[in-house]
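Under the UniProt record's numbering, the residue at position 272 of the sequence shown is numbered 276, and the numbers go up by one with no gaps.
First comes the structure, then the notes that go with it.
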Amino acid sequence: LSDRLTSVFSSLRSKGRLSEEDINATAREIRLALLEADVALPVVRDFIAKVKERARGEEVSRALNPAQQVIKIVNEELIEILGGETREIRFAKTPPTVIMLAGLQGAGKTTLAGKLGQWLAGQRNTPLLVAADLQRPNAVTQLQVVGERARVPVFAPEPGNGVGDPVEVARRSLEEAERNNHNVVIIDTAGRLGVDEEMMRQAADIRDAVKPDEVLFVVDAMIGQDAVATAQAFLDGVGYDAVALTKLDGDARGGAALSIRHITGRPIMFASTGEKLEDFDLFHPERMASRILDMGDVLTLIEKAQRTFEEEEVSKMAKTLASDDDFTLDDFLEQMGMVRKLGPIGNLLGMMPGMGQMKDQLAGVDDKDLDRITAIIRSMTPAERDNPKIINGSRRLRIANGSGTEVGEVSGLVTRFFEAQKMMRQMKNGNMPGMPGMPGM
Ligand code: GDP
Ligand code: MG
């Protein structure tokens, strides 16, 4: 998926403005890319529709070029579908909080029980793992091994303690939790290779017996399209509050995540990324989105540009350029401040109307310089700021003393300002060599 999208975006990158054809061509490619990644068709349709609508609509930003805009929209819509903010466990008002795991055999429930147990214990909880999978002969032993590794106690059936009856085991585990002050109970249940009625009934019976605070549907991210059908079957048969996605280390495409989230409306809460207990974290929609896009660097640049050039600032700049008033020292200072916020990313300067030309002037200016420049300008009288031509030798000395700088620095600044002013005048006359189109002007 990532390769595919990357090539879509690189073909967009060279264009100046986003036309209807651009949008349609991009949408076609994104559709193919998502289908290739096993995203379910209805999900793909909705996704494309949203992206298209937004690409056409309001958000024509001055800070971003068309390709960046599309990347931004795709990224934001991915995050949206994947669930927006991270969802956390809802703890019961009166402990124990009961978490029940459900899912197909091999989905990773038992492993997840250990991971979740260790993770919760690391946050000052006192979890108890419960072996309510009595279907397979070694299922109980497997959980005990996992529990030992995670250093989390395991409640397993013993003679006279619910042997052979997973519902009874689950019920008794709650008593055990109260006796031994376990504030969280994690119930591991049985799965089958395929969805079947008896398994669903057993899971539903356990659910009814223990009234879980969270039922987690555990699903293998590698099963692709099948994930949707399975997720739906479990939703109808048992019901669940959230999803834990496993084996994300194996499948880089993330289609299952997208589909399940969209079709079931349940948040994805956890991500499991390996066999070790540590390969586990809360699910982060924005990470998954950028993994699907696999354009971390681009996204970082965009976020940075976005944050720095809030729409307001950009339009303020545009106004300065459009007005008949001359470019002043205050404008100069403001522009320097805006450009500095970007850090050493020279190429982003081109995104701003007029700023491309400031680049050379600002080469080598760092935060400390900017502080000194600010101090110098603040040490000028309003008359001097209004008309820097009046700044003669004695005024320079006074300004240097007032700002704690050298006379030479004051002179240098005034010279640079005159250059910038000249440039701005040329720009306003539409006489700008090598100036890329200034959107909205
Ligand atoms: P259960 O049948 O649902 O309880 O699944 P298990 O917890 O027994 O896991 C089935 C297999 O998948 C085991 O071999 C696990 O080690 C493996 N497994 C579980 N989670 C992950 C994961 O996130 N990544 C990888 N690579 N393997 C996993
Ligand atoms: Mg198991």
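The beta-carbon is built from N, C-alpha and C at its ideal position, and this holds for glycine as well.
Identity of the residues DSSP links to residue i by a beta bridge
i, result
"Val134", "Phe159 and Ile191"
"Met273", "The partner list for Met273 (beta bridge, DSSP) is empty, contrary to what the question assumes."
"Val222", "Ala248"
"Val102", "Val189"
"Phe95", "Paired residues: none, contrary to the question."
"Leu286", "Phe274"
beta-carbon residue i near ligand 1 non-hydrogen atom, thresh 7 Å
i, result
"Val242", "no"
"Gln277", "What sits at residue 277 in the sequence shown is Thr, not Gln. Within the cutoff, so yes."
"Asp373", "no"
"Thr222", "Reading off the sequence shown, one finds Val at residue 222, where the question assumed Thr. Yes, the beta carbon of Val222 sits closer than 7 Å to at least one heavy atom of ligand 1."
"Gly107", "yes"
"Asp200", "no"
"Gly258", "no"
"Gly228", "no"
"Asp285", "no"
"Arg254", "According to the sequence shown, residue 254 is Gly rather than Arg. Yes, ligand 1 has a heavy atom inside 7 Å of this Cβ."
"Gly151", "no"
"Gly168", "no"
"Gly195", "yes"
"Gly408", "no"
"Gly110", "yes"
Residue i beta carbon near ligand 2 (any heavy atom closer than 7 Å)
i, result
"Lys119", "no"
"Lys251", "no"
"Leu113", "The sequence given here places Lys at residue 113; Leu does not occur at that position. Yes, since a heavy atom of ligand 2 falls inside the 7 Å radius drawn around the Cβ of Lys113."
"Ala143", "yes"
"Gln146", "yes"
"Asp137", "yes"
Residue burial classification, residue i (beta-carbon count within 10 angstroms, cutoff 16)
i, result
"Asn28", "exposed"
"Lys426", "exposed"
"Thr145", "exposed"
"Phe422", "exposed"
"Ala207", "buried"
"Val167", "exposed"
"Ser398", "exposed"
"Asp240", "exposed"
"Ser23", "exposed"
"Arg429", "exposed"
"Ala424", "buried"
"Gln127", "exposed"
"Ala44", "buried"
"Arg32", "exposed"
"Gly269", "exposed"
"Ile394", "exposed"
"Lys119", "buried"
"Met299", "Because Met299 carries a pLDDT of 47, less than 50, the predicted location of this residue cannot be relied on, and no value is offered for it."
"Asp137", "buried"
"Asp335", "buried"
"Thr114", "buried"
"Ala387", "exposed"
"Gly258", "buried"
"Lys107", "For the record, residue 107 in the displayed sequence is Gly; it is not Lys. Label assigned to Gly107: buried."
"Gln361", "Note that Gln361 scores 48 on pLDDT, short of 50, meaning its location in the model is unreliable; the coordinates nonetheless yield the value given after this. The residue is buried, with at least 16 neighbouring Cβ atoms inside 10 Å."
"Lys372", "exposed"
Of the residues the options, the one placed nearest residue i, counting alpha carbons only
i, options, result
"Arg376", "Gly416, Glu388 and Val55", "Gly416"
"Ala235", "Arg175, Gly198, Phe421 and Ile190", "Gly198"
"Asp217", "Asn187, Lys54, Ala225 and Gln206", "Asn187"
"Asp390", "Asn396, Thr332 and Thr419", "Thr332"
"Glu179", "Arg400, Val47 and Phe159", "Phe159"
"Glu80", "Ala293, Gly243, Asp330 and Val414", "Ala293"
"Gly121", "Pro392, Asp285 and Leu374", "Asp285"
"Pro99", "Glu182, Pro46 and Leu36", "Glu182"
"Ser276", "Glu338, Val222, Asp209 and Phe238", "Val222"
"Asn184", "His288, Leu132, Arg205 and Glu202", "Leu132"
"Val219", "Ala237, Met204, Val242 and Ala233", "Val242"
"Arg211", "Tyr244, Gly151 and Ser407", "Tyr244"
"Ile85", "Glu92, Arg94 and Val48", "Val48"
"Arg402", "Glu92, Ser383, Val418 and Pro392", "Ser383"
"Lys54", "Lys280, Ala41 and Ile77", "Ile77"
Check: residue i C-beta below 7 Å from any heavy atom of ligand 3
i, result
"Asp192", "In the structure on display, ligand 3 does not appear, and the ligands it does have are ligand 1 and ligand 2."
Segments of 4+ residues assigned as alpha helix (DSSP H) that fall wholly inside the region 23–52: 24–40
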